[in-house]
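Protein chains in written order, with my numbering: chain Z, 26 to 190; chain V, 30 to 437.
For reference, the structure discussed in these notes is given below.
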Amino acid sequence: MMPVLFFLLALVAIGGAVSLILQKHPIHSALSLIVVMVAIAGLYLLLGAEFISAVQIIVYAGAIMVLFVFVIMLLNAGVEERTHFSRSATYVGVPVAVLFAATLAWWVAMGSAAVAGSSGQTTSTRDLSMLLFRDYAFPFELTSVLILIAIMGAIVLAKREQEKP
Amino acid sequence: MNDFISQHALLLAFVVKTALMIFLTLTALAYLTWFERKVVAHIQSRWGPYRTGPHGLLQPLADGIKFIAKEDPLPFGVDKFVYLLAPFLALALALTALAIIPFGPQTIRLFGVETPLAISDLNLGLLFLFAITSLGVYGVALAGWASNSKYPLLGGLRSSAQMVSYELALTLSIVGILLTTGTFSLRGIIESQQGWTPYLLPKWYLFAGPFPQILGFFCYFTAAVAETNRAPFDLAEAEQELVGGFHTEYSSMKFAMFFMAEYANMLTVSCLATILFFGGWLSPIPSTGAWMWSLYIPTVIFILAGAGLILDGIRYENMFGRAVLPVLGLVLCAVGFVCAFPFAIGYVQGPFWFLTKVAVFLFIYVWVRGTLPRIRYDQLMGFGWKVLLPVSLANVVLTSLFILVGKR
Chain Z
26 MMPVLFFLLA
36 LVAIGGAVSL
46 ILQKHPIHSA
56 LSLIVVMVAI
66 AGLYLLLGAE
76 FISAVQIIVY
86 AGAIMVLFVF
96 VIMLLNAGVE
106 ERTHFSRSAT
116 YVGVPVAVLF
126 AATLAWWVAM
136 GSAAVAGSSG
146 QTTSTRDLSM
156 LLFRDYAFPF
166 ELTSVLILIA
176 IMGAIVLAKR
186 EQEKP
Chain V
30 MNDFISQHAL
40 LLAFVVKTAL
50 MIFLTLTALA
60 YLTWFERKVV
70 AHIQSRWGPY
80 RTGPHGLLQP
90 LADGIKFIAK
100 EDPLPFGVDK
110 FVYLLAPFLA
120 LALALTALAI
130 IPFGPQTIRL
140 FGVETPLAIS
150 DLNLGLLFLF
160 AITSLGVYGV
170 ALAGWASNSK
180 YPLLGGLRSS
190 AQMVSYELAL
200 TLSIVGILLT
210 TGTFSLRGII
220 ESQQGWTPYL
230 LPKWYLFAGP
240 FPQILGFFCY
250 FTAAVAETNR
260 APFDLAEAEQ
270 ELVGGFHTEY
280 SSMKFAMFFM
290 AEYANMLTVS
300 CLATILFFGG
310 WLSPIPSTGA
320 WMWSLYIPTV
330 IFILAGAGLI
340 LDGIRYENMF
350 GRAVLPVLGL
360 VLCAVGFVCA
370 FPFAIGYVQG
380 PFWFLTKVAV
390 FLFIYVWVRG
400 TLPRIRYDQL
410 MGFGWKVLLP
420 VSLANVVLTS
430 LFILVGKR
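What follows is the structure in C-alpha cells.
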C-alpha cells in the first residue's frame, strides 16, 4: 500500500510541477503549485511527519498560495507571453540542466542515493515542540525576529510609495 | 464473499461509514435551508415555506429538483476549467472537514472491526481540520476570478481577504484550549472536559480549566461567522453592492454546491465550537447515583416532540398534513421509546447531547443573521485586525500565565 501511495503522490507532484511551468496563465500556474504542495504534504505524511504535513498545507497551500492567487487576481494578470529561448537560457540553462540530470542519474545508478523511507514511527508533535521551544529555543526566536524585520521592511516600503505621488 | 469481507473489513467499514455520513450530512444540509428560512421568517413575522408539504417540509426536495432540472449555461468568456473546478472544490473541502468530527464516545462493530463514531479518529484532528478549512478560500476566490465578470471578481477578492484575515483570529482563539489539553485529538479534547466544577457547572472549557475560555469562545465564534461568510459578515455576497457576490454567474447545481458548502461549513464550525468549548458529547447533567434519571432525557424530549407533532397534525388545514404529521409524530415517539431500552440508552446519550448542542449553535447562526445588520467592509477588516486578533492573542498570553501559575 505504501509504495503505491508514494508513486501516486510523486506522480501528482511531478505532474503539477511540469504543469506549473507549461501553463500560460498565472492563475493556472499557481493552482498547479498548490497541487504540488498538497502532494508533498501527502509525502510527508507517508514519512511519518504528521505535524510537518499539516503545517505544509496550512502555511504553504493555505496561506502563502492564497496570497499569490490574491495578488494575481488583484493585478488581473493576463496570459503570459511566450519568449523563445533567450541567449542565457541556451548557453547557461541547458548545460546546467543536462549536468544536473546526468549527476542525478549517475548517483541513482551508483546506488548511493540514500532512500528516505519511513522509519516506521511517527514524530509526535509533543517531541517536535520540545525540540523547537526548549532545546533550540534561541535559534527559533532569532528566526522570528528575522521575520519581524522583514514585515517591518515591507510596511516601510509600502508607506514610502504612498507618500510620493 | 465472506473471505473478502473479513480481509477488507477495515476498508469496508470506512466505506460504509463514509457513505452513511455523506447521505446524512447532505440530508441535514437540505433541511438546514428549510430551518433557516423558517426561523428567519418567524423572526420577521412571516410564515416562511408553507405550501410545499405540511409546514413546507417538502421544500428542500422541491428546491433540489429545481436545481437539477434547471438549465446550466456556461457564461461567455469564463475560464472553463477553473469555473467548473471552483464549486467542486468548495463542496468537497467542506464535506471533508466533517470526516473527523466524533459524535459519541462508543465504538460500533462493523464487519467485525470496532470503529469509533466518526469516519476517522485522527491524532492531529484539529490540525487536519485547519488544513482543510484553510484551503476553503480557493473555492470562493477562484469562482470569483473565473467568472470573468466584475461583481464576482470583487466578491471573490473581498471574501478571500476577509477569510485570510479572520483565519488568524480563528486559529489563535483555540490556542488557549490546546495549551490546556496538550492534544490535537478531538476525542482527547472532549475526554479532558469530563467532570464537574465545585459550582455544579460541567468542566467544559468555556467556564473551567486554569483560565475559562470565554474570551476565546467570543473570538472563535465571531471569527467563525466571518470565516463562513455569513451575515453580518457576508460582505462577499452583499446584494446591494455586488449582486450575488462570487457566485453571481453560477446557476443550477453549481450554485447549489456553493450553497451546500456554506451550510456544511456552518455545520463544521458549530461541531467544533461544541467540541472545544462545550464538552462535545458530554451531558450537562451528571448521570450517576441520584441523577440516573438524566439518562431518560432524550426519551422524554423525543416523546414530547412527537406528541406535539401529533396534536398539531390532527388539526392541520389540509388532508396531506393531517395524514403525514401524526405519522411523523408517531415515529418520533417510537424513537423515544427505543431510546429508553437498556441496549440503546448508553449509545444514545453521546450523539443526542452532541447534536443538541450543534443545533443550538446553528440556531444562533440563523438568529444572528435575522437580527444584525451587515457591517461595512472597512469596519469588518478593522474589527478583525484591531479587535479580534489582539483579544485572541491576549487570551493566549493569559491562559499560558494561568497554567504557569497553576503549576507552581
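Where is the CB? At the ideal position from N, CA and C, for every residue including glycine.
Identification of chain Z residues near residue 185 of chain V by a Cβ-Cβ cut-off of 8 Å yields 98, ordered along the chain. Taking 9 Å as the CB threshold, residue 307 of chain V stays off the interface with chain Z. A contact is defined here as three or more CB-CB pairs under 8 Å, and the stretch 184-200 of chain V fails this definition with respect to the stretch 333-342 of chain V. Taking the CA atoms as reference points, residue 125 of chain Z sits about 17 Å from residue 42 of chain Z.
In the DSSP assignment, residue 225 of chain V is bridged to V:231. Taking C-beta separations shorter than 6 Å and ignoring five residues to either side along the sequence, the partners of residue 67 of chain V in its chain run 77, following chain order. DSSP places residue 79 of chain V in the coil class of the three-state scheme, outside both helix and strand. Closest in C-alpha terms to residue 388 of chain V, from the list V:58, V:213, V:345 and V:286, comes V:58. Of all residues in the stretch 78-95 of chain Z, only 78, 79, 80, 81, 82, 83, 84, 86, 87, 88, 90, 91, 92, 94 and 95 come within less than 9 Å of chain V when Cβ atoms are compared, listed by chain position.
The alpha carbon of residue 64 of chain Z has as its nearest neighbour, out of Z:134, Z:32 and Z:48, the alpha carbon of Z:32. About 10 Å separates the beta carbons of residue 40 of chain V and residue 34 of chain V, which is beyond the 8 Å limit, so they are not a contact pair. Under the 9 Å criterion on CB atoms, residue 189 of chain V is classed as interfacial with respect to chain Z.
Here the stretch 100-113 of chain V makes no contact with the stretch 82-92 of chain V; the two share fewer than three CB pairs at distances below 8 Å. Listed along chain V are 153 and 156, each with a C-beta nearer than 8 Å to that of residue 76 of chain Z. For residue 187 of chain V, the enclosing alpha helix (DSSP H) covers residues 179-202.
Within chain V, the residues placing a beta-carbon under 9 Å from that of residue 52 of chain Z are 108, 111, 171, 174 and 175, ordered along the chain.
For residue 262 of chain V, none of the residues of chain Z pass the 9 Å Cβ criterion, the least Cβ distance being about 18 Å. Taken atom to atom, the span from the alpha-carbon of residue 361 of chain V to that of residue 355 of chain V is near 10 Å. Judged by pairs of C-beta atoms under 8 Å, the stretch 297-305 of chain V does not touch the stretch 173-187 of chain V, as fewer than three such pairs exist.
For the pair residue 66 of chain Z and residue 93 of chain Z, the CB atoms are not nearer than the 9 Å cut-off.
Here the alpha carbon of residue 311 of chain V sits roughly 51 Å from the alpha carbon of residue 183 of chain Z.
Rounded to whole angstroms, the separation of the alpha carbons of residue 106 of chain Z and residue 49 of chain Z is 8 Å. The Cβ atoms of residue 420 of chain V and residue 247 of chain V lie closer than 9 Å to each other. For residue 85 of chain Z, the CB contacts under 6 Å within the same chain, skipping 5 residues up- and downstream, are 62 in chain order. Look at residue 48 of chain Z here: in three-state DSSP terms it is coil, with no helix or strand label. For the stretch 194-228 of chain V, the residues whose beta carbon sits under 7 Å from a beta carbon of chain Z are, in order, 213. Within the model, the alpha-carbon separation for residue 184 of chain V versus residue 407 of chain V is close to 14 Å. Contact of residue 163 of chain V with chain Z by beta-carbon distance below 9 Å involves 82, 83, 84, 86, 87, 88 and 91. Listed along the chain, the chain Z residues whose CB falls inside 9 Å of the CB of residue 182 of chain V are 98 and 101. When DSSP states are grouped into helix, strand and coil, residue 106 of chain Z belongs to the coil group.
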